[in-house]
Amino acid sequence: MNLKEKILKGISWTIIGTLITQVTTFILVFFMARILGNVNYGKFNIILSTVVSLSTIAGAGLGITATKFIAQYKEDYSKKEKLGKILGISYFTANILSIGFTLILFILSDYIAMKIFKDKDLIVQLKYASIYVFFFTVNGYQVGALTGFERFNDIAKIYALKGIINMLSGFSLIYLWGISGAAASMVVTAISTYLYSRMLLNKQMKIYNLKFILKGSLEELNILLIFTLPAALVGIVGAIATWFSNQLLVNNSYDRFVSMSVFSLSSTFKALIIFFPAIIARVISPILVSMKFTDYNKYKKLFNLNLIINASVTTIMAIIVIVINPIILKIVGKGYDGIQPVIVLLGLSAIVETVSSCLFQEIYIYNKIWHNLFCTIIWSIILVSLTGLFAKNLGAISLAIAYLSANVFQMLFYLIVLIRNRKKTHLVSELRSEQIEQVIN
Numbered sequence: 001m002n003l004k005e006k007i008l009k010g011i012s013w014t015i016i017g018t019l020i021t022q023v024t025t026f027i028l029v030f031f032m033a034r035i036l037g038n039v040n041y042g043k044f045n046i047i048l049s050t051v052v053s054l055s056t057i058a059g060a061g062l063g064i065t066a067t068k069f070i071a072q073y074k075e076d077y078s079k080k081e082k083l084g085k086i087l088g089i090s091y092f093t094a095n096i097l098s099i100g101f102t103l104i105l106f107i108l109s110d111y112i113a114m115k116i117f118k119d120k121d122l123i124v125q126l127k128y129a130s131i132y133v134f135f136f137t138v139n140g141y142q143v144g145a146l147t148g149f150e151r152f153n154d155i156a157k158i159y160a161l162k163g164i165i166n167m168l169s170g171f172s173l174i175y176l177w178g179i180s181g182a183a184a185s186m187v188v189t190a191i192s193t194y195l196y197s198r199m200l201l202n203k204q205m206k207i208y209n210l211k212f213i214l215k216g217s218l219e220e221l222n223i224l225l226i227f228t229l230p231a232a233l234v235g236i237v238g239a240i241a242t243w244f245s246n247q248l249l250v251n252n253s254y255d256r257f258v259s260m261s262v263f264s265l266s267s268t269f270k271a272l273i274i275f276f277p278a279i280i281a282r283v284i285s286p287i288l289v290s291m292k293f294t295d296y297n298k299y300k301k302l303f304n305l306n307l308i309i310n311a312s313v314t315t316i317m318a319i320i321v322i323v324i325n326p327i328i329l330k331i332v333g334k335g336y337d338g339i340q341p342v343i344v345l346l347g348l349s350a351i352v353e354t355v356s357s358c359l360f361q362e363i364y365i366y367n368k369i370w371h372n373l374f375c376t377i378i379w380s381i382i383l384v385s386l387t388g389l390f391a392k393n394l395g396a397i398s399l400a401i402a403y404l405s406a407n408v409f410q411m412l413f414y415l416i417v418l419i420r421n422r423k424k425t426h427l428v429s430e431l432r433s434e435q436i437e438q439v440i441n
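Note that the UniProt record's numbering gives residue 226 to position 226 of the sequence shown, counting from 1, and the numbers run on in steps of one.
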């Protein structure tokens, strides 16, 4: 299969799975926003923010590690044992961390609800949602591994299953038990997708004659230290900043959970804007990794094409969403006043974020993850500082401004790294050409 066919096939499968997920999620979100009301919908989203942040910390960058090294070594028979050890130690670590953070959230649910969010009604929902942390985190690793195998059809099936189960369980459980039902629905969906992705990953491991090797896997510990550790720290810093900014919004804004509900509903529109760019990125990433080590010129052309297409598509989608969202919002009903400027700001943020994601490929492929950690620390400081500064007077708008500002910084940082990388690569190429000419002469 040539490169064009591989990309088109990957994008086609990913569109199918992601489209089902996004459509079902979109329907469920509007159902929740209408049935739960603005206060309870805001409470649900702060619960979701808490468990997703913990899952990101527990994931520790291990999914992206699986993607990179499977994409790099899966066809190299001499690297089978090395790859097995990398997968063994990373998968074991993912499971241990997931169990640990699940227990931490379950034990600290009372403290988080009462002391941090000052709402005892959140205790039960947080305990339910703690189970989600384990299954969601390990599923993320398994999908990362399948991405490395370029099994986009399998990933499409996982996302389709996730979307359908999430919608069906969400409708029924929310109708019966309200916000507690919403938390329970998250758990049902996470368990289902975990079991299915595990089955599909086991199948690919057999096809490539790979095993999760724990014996001697400490030999590959340097991989976790050099690549996974900074990637994990990036995820941890970003997750803490995201959660902390949400907490500042809830505790500092005049309408607390209502501001959270307005921002969360606006974020659903942002997800629509980045829908296609996210699909393209998921397919292109492992292909770029493989290509960089085989044909640098083709890699550079594909990289530039990916950047142009994604930026253009995101801009068009942002304009469409900003124009048509008032019509869609009529479905939700009352209680979400002031949402329009938040949607506009997040639309602009989505464009910047998409460009950043494309530029990030250069950092990812060249293992410049420590650069990304520095960038994420500054990004987090901007996000938290601006939210804390403006939350009291601006509510949900403060968080939208904070994200836009932080994302602009991130994009500029990645652009500088890209320019420096290209200059170094050009100099190395010229030096090699001169050496070859000297040998010939």
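We put the beta carbon where it would ideally sit given N, CA and C, even for glycine. Source: prediction; values computed, not measured.
Item to complete: Determine, using beta carbons only, whether GLY148 and ALA71 come nearer to each other than 8 Å.
Response: A contact, by the Cβ cut-off of 8 Å.
#### Entry: Limits of the alpha helix (DSSP H) - the one that TYR73 falls within
62-73 is the extent of the alpha helix (DSSP H) around TYR73.
| query | Is there contact here, the stretch 256-276 with the stretch 29-46, by at least three beta-carbon pairs under 8 Å? | reply | They touch, by the three-pair rule.
Out of SER357, VAL237, SER192, PHE26, state which residue places its alpha-carbon closest to the alpha-carbon of LEU265.
It is PHE26 whose Cα lies nearest to the Cα of LEU265.
Note down, one range per segment and in chain order, each beta strand (DSSP E) of at least 3 residues found wholly within the stretch 138-188.
-> Correct list: empty.
_What does the alpha-carbon distance come out to for the pair ILE165 and LEU173?_
When rounded, the distance between both Cα atoms is 12 Å.
Segment contact, 8 Å Cβ cut-off, at least three pairs: the stretch 50-61 with the stretch 214-222
Inter-segment contact for the stretch 50-61 and the stretch 214-222 is absent: fewer than three beta-carbon pairs are separated by less than 8 Å.
Give the list of continuous alpha helix (DSSP H) stretches no shorter than 4 residues that lie fully inside the stretch 350-399. Qualifying alpha helix (DSSP H) stretches, in chain order: 369-394.
* Asked: Can you give the Cα-Cα distance for residue 456 and ILE57, rounded to whole angstroms?
  -> Given a span of 1 to 441 for the chain in the structure shown, any question on residue 456 remains unanswerable.
Local Cβ density within 10 Å of GLY333, reported as buried at 16 or more and exposed below that: Classification for GLY333: exposed.
message = For ILE274, count the other beta carbons within 10 Å of its own beta carbon; 16 or more makes it buried, fewer makes it exposed. Which is it?
response = The residue in question, ILE274, is buried, as its Cβ has 16 or more Cβ neighbours within 10 Å.
Among MET114, TYR403, LEU307, THR18, nearest to GLY163 - alpha-carbon criterion | Here the closest residue by C-alpha is THR18.
Q: Could you tell me whether the stretch 336-348 touches the stretch 361-378, where touching means 3 or more Cβ pairs closer than 8 Å?
A: Contact between the stretch 336-348 and the stretch 361-378 is absent: fewer than three C-beta pairs spanning the two stretches fall below 8 Å.
* What is the residue span of the alpha helix (DSSP H) that LYS79 lies within? -> Counting along the chain, no alpha helix (DSSP H) covers LYS79, and no H or E run does either.
Requested in this report: Measure the alpha-carbon distance for THR14 versus ILE20 and round it to whole angstroms.
Outcome: THR14 and ILE20: Cα-Cα distance of roughly 10 Å.
Quiz item: Do the stretch 122-141 and the stretch 94-113 make contact, defined as three or more Cβ pairs closer than 8 Å?
Solution: Taking one beta carbon from each stretch, the stretch 122-141 and the stretch 94-113 have 3 or more pairs nearer than 8 Å; the two touch.
LYS23 versus ILE158: straight-line alpha-carbon distance, rounded
The identity of residue 23 in the sequence shown is Val, whereas the question assumes Lys. Their backbone Cα atoms lie some 15 Å apart in a straight line.
Buried versus exposed, by CB contacts within 10 Å (16 or more), LYS392: Its Cβ having fewer than 16 others within 10 Å, LYS392 is exposed.
* **First through last residue of the alpha helix (DSSP H) which encompasses ASN251** => For ASN251, the enclosing alpha helix (DSSP H) has its first and last residue at 229-252.
Mark PRO326 as exposed unless 16 or more other C-beta atoms lie within 10 angstroms of its C-beta, in which case mark it buried. With fewer than 16 other Cβ atoms from the protein chains shown falling within 10 Å of its own Cβ, PRO326 counts as exposed.
_For PHE360 and LEU176, what's the separation of their Cα atoms in angstroms?_
Between PHE360 and LEU176, the alpha-carbon positions lie close to 44 Å from each other.
Any idea what DSSP makes of LYS120, helix, strand or coil?
DSSP, reduced to helix, strand and coil, places LYS120 outside both helices and strands of the structure shown, so it counts as coil.
Looking at TYR299 and SER356, is the spacing between their C-beta atoms short of 8 Å?
-> The answer is no: Cβ separation not under 8 Å.
Per-residue DSSP class, three states only, for LEU415
Of the three classes helix, strand and coil, the one that applies to LEU415 here is helix, per DSSP.
message: Using 8 Å as the cut-off, can you tell me whether the stretch 200-213 makes contact with the stretch 80-89, which would need three or more C-beta pairs spanning the two stretches below that distance?
response: These segments touch.
Next item on the list: Classify LYS270 as helix, strand or coil using the three-state DSSP reduction.
Entry: DSSP places LYS270 within a helical segment (H, G or I) once states are collapsed to three.
Can you tell me where the alpha helix (DSSP H) holding ASN209 begins and where it ends? Taken as a continuous stretch (DSSP letters only), ASN209 belongs to no alpha helix (DSSP H), as it is neither H nor E.
So what does DSSP say about VAL23, is it helix, strand or coil?
Reduced to three states, the DSSP call for VAL23 is helix.
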